[in-house]
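Asks: Take this structure first; my questions come after.
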Amino acid sequence: MTLALALRGSNGLVLASDSRMSGMQSKDDSTKFLQVNRDIGVMTYGLAIPGNAGIRKLREKVNQKQLAHFSQISSEAREVFFEEYKRFCDHLQNLEPPQYPTSMLGFILAGYDSYESNQFKIYSYESPDFIPNETTDIKAAQWHMSRLISDYLQYPQMTLNELKQLVVIQMLTTSAYEDTVGGPIQMATVSYSKGFHQLAQDEINVLVEKVQPKIQKFRSILAGSFYGFTD
Numbered sequence: 010m011t012l013a014l015a016l017r018g019s020n021g022l023v024l025a026s027d028s029r030m031s032g033m034q035s036k037d038d039s040t041k042f043l044q045v046n047r048d049i050g051v052m053t054y055g056l057a058i059p060g061n062a063g064i065r066k067l068r069e070k071v072n073q074k075q076l077a078h079f080s081q082i083s084s085e086a087r088e089v090f091f092e093e094y095k096r097f098c099d100h101l102q103n104l105e106p107p108q109y110p111t112s113m114l115g116f117i118l119a120g121y122d123s124y125e126s127n128q129f130k131i132y133s134y135e136s137p138d139f140i141p142n143e144t145t146d147i148k149a150a151q152w153h154m155s156r157l158i159s160d161y162l163q164y165p166q167m168t169l170n171e172l173k174q175l176v177v178i179q180m181l182t183t184s185a186y187e188d189t190v191g192g193p194i195q196m197a198t199v200s201y202s203k204g205f206h207q208l209a210q211d212e213i214n215v216l217v218e219k220v221q222p223k224i225q226k227f228r229s230i231l232a233g234s235f236y237g238f239t240d
């Protein structure tokens, strides 16, 4: 499974995912999101093989067709995601014995719509139809722990710097309880001035160190809420 996040702040978006690919042999090197163009990124969660193929194919198609408008890219995304999912399902059906997808497949398209609405947008797509659904933010797959953290800590006026810390708290806390979430955190921001910017691992390591006291404080808050005392 995956924890995939696309969160809206007062001055942009933060996109993040873990890098664990679960299966017969768990690996922590899966690429779950890519930059599509200057202002837009795409993420995947769920089925790893068609998910990875889908985000790479979308970037390729956008570059080939020189698509710039968010609406154009969104339409292209649905076609690409549907085709890759169908190709994967057809492959499973041709096996002996025939097999079926064991989990769902989802994608997140997020970025700045600089040509039409001048707004930050987040669209989600899920199997089997991949109909785009616009949302203010999304916490996909392993969302229950991250949703709890958002309920306590997230507010609409958060800046990108604050959201980056929140995302790291969500990733670390979820991976502590869910062994299908883990590995190096992948994170990017989307802002009006810089567009899509993927954080280097050194930047993420600094954030990980910075939020450790906040994680401990959050656990104390939860203890006080549930048991009537704090550490």
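My numbering puts the first residue of the sequence shown at 10, with every later residue one more than the last.
Even for Gly, the Cβ is constructed at its ideal location relative to N, Cα and C.
Quick check: residue 60 and residue 24, are their CB atoms within less than 7 Å of each other?
Replies: Their beta carbons are not under 7 Å apart, which means residue 60 does not touch residue 24 by this criterion.
Asks: Where does residue 33 land, buried or exposed, given buried means 16+ other C-beta within 10 angstroms?
Replies: The predicted model places residue 33 with a pLDDT of 45, which falls under 50 and marks its position as unreliable, so this point remains unresolved.
Asks: Taking just the CA atoms, how far does residue 18 sit from residue 122?
Replies: For residue 122 and residue 18, the distance between alpha carbons rounds to 15 Å.
Asks: By alpha-carbon positions, which one of 131, 225 and 78 ends up nearest to residue 185?
Replies: Comparing Cα positions, the closest option is 225.
Asks: Which residues in the same chain have their Cβ closer than 8 Å to the Cβ of residue 223, if we skip the five residues on either side of it in sequence?
Replies: The residues are 174 and 178.
Asks: How many angstroms separate the CA atom of residue 58 from the CA atom of residue 159?
Replies: Roughly 30 Å separates the two Cα atoms.
Asks: Under the three-state reduction of DSSP, which class applies to residue 33: helix, strand or coil?
Replies: In this predicted model, residue 33 has a pLDDT of only 45, less than 50, meaning its place in the structure is not dependable; the value taken from the coordinates is given anyway. Residue state, collapsed to three classes: coil.
Asks: Taking a contact to mean a Cβ-Cβ separation below 7 Å, would you say residue 94 touches residue 136 in this structure?
Replies: Yes, Cβ-Cβ distance for residue 94 and residue 136 is below 7 Å.
Asks: Taking CB distances under 7 Å as the criterion, tell me whether residue 210 reaches chain D.
Replies: Of the protein chains in this structure there is only one, and it is not chain D.
Asks: Quick one: grab the DSSP three-state call for residue 118.
Replies: If DSSP states are grouped into helix, strand and coil, residue 118 belongs with the strands.
Asks: Taking one C-beta from the region 183-199 and one from the region 139-147 each time, how about it: are there three or more such pairs within less than 8 Å?
Replies: As far as the Cβ criterion goes, the region 183-199 does not touch the region 139-147, which means the pair count is below three.
Asks: What are the partner residues of residue 143, as DSSP defines its beta bridges?
Replies: The partner list for residue 143 (beta bridge, DSSP) reads 132.
Asks: For residue 155, I'd like the list of residues in its chain whose CB is within less than 7 Å of its CB, leaving aside the five on either flank, ordered along the chain.
Replies: Hits under 7 Å: 12, 14, 148, 179 and 183.
Asks: What three-state label does DSSP hand residue 206 in the structure shown?
Replies: Correct three-state label for residue 206: strand.
Asks: By the 10 Å Cβ neighbour count, where 16 or more other Cβ atoms means buried, how is residue 168 classified, buried or exposed?
Replies: Counting Cβ neighbours within 10 Å, residue 168 comes out exposed, since fewer than 16 surround it.
Asks: Short of 7 Å in beta carbon distance, which residues of its chain neighbour residue 128, apart from the five on each side in sequence? Order them along the chain.
Replies: Answer for residue 128: 122, listed in chain order.
Asks: Under 8 Å: do the region 33-53 and the region 96-111 share three or more Cβ pairs, one atom per stretch?
Replies: Result no; under three Cβ-Cβ pairs closer than 8 Å.
Asks: Distance, Cα to Cα, residue 45 vs residue 77?
Replies: Computed Cα separation, rounded: 10 Å.
Asks: Below 6 Å CB to CB, which residues in the same chain sit around residue 67 once its five sequence neighbours on both sides are set aside?
Replies: Excluding residues within five positions, the ones whose Cβ falls inside 6 Å are 51, 86 and 89.
Asks: Measure the beta-carbon distance from residue 83 to residue 118 and round it to whole angstroms, keeping in mind my assumption that it falls under 8 Å.
Replies: Contact holds; Cβ gap of about 6 Å.
Asks: Could you give the DSSP three-state label for residue 190: helix, strand or coil?
Replies: Residue 190 falls in the coil class under three-state DSSP.
Asks: Is it true that the CB of residue 205 sits closer than 7 Å to the CB of residue 139?
Replies: Going by C-beta atoms, residue 139 is not nearer than 7 Å to residue 205.
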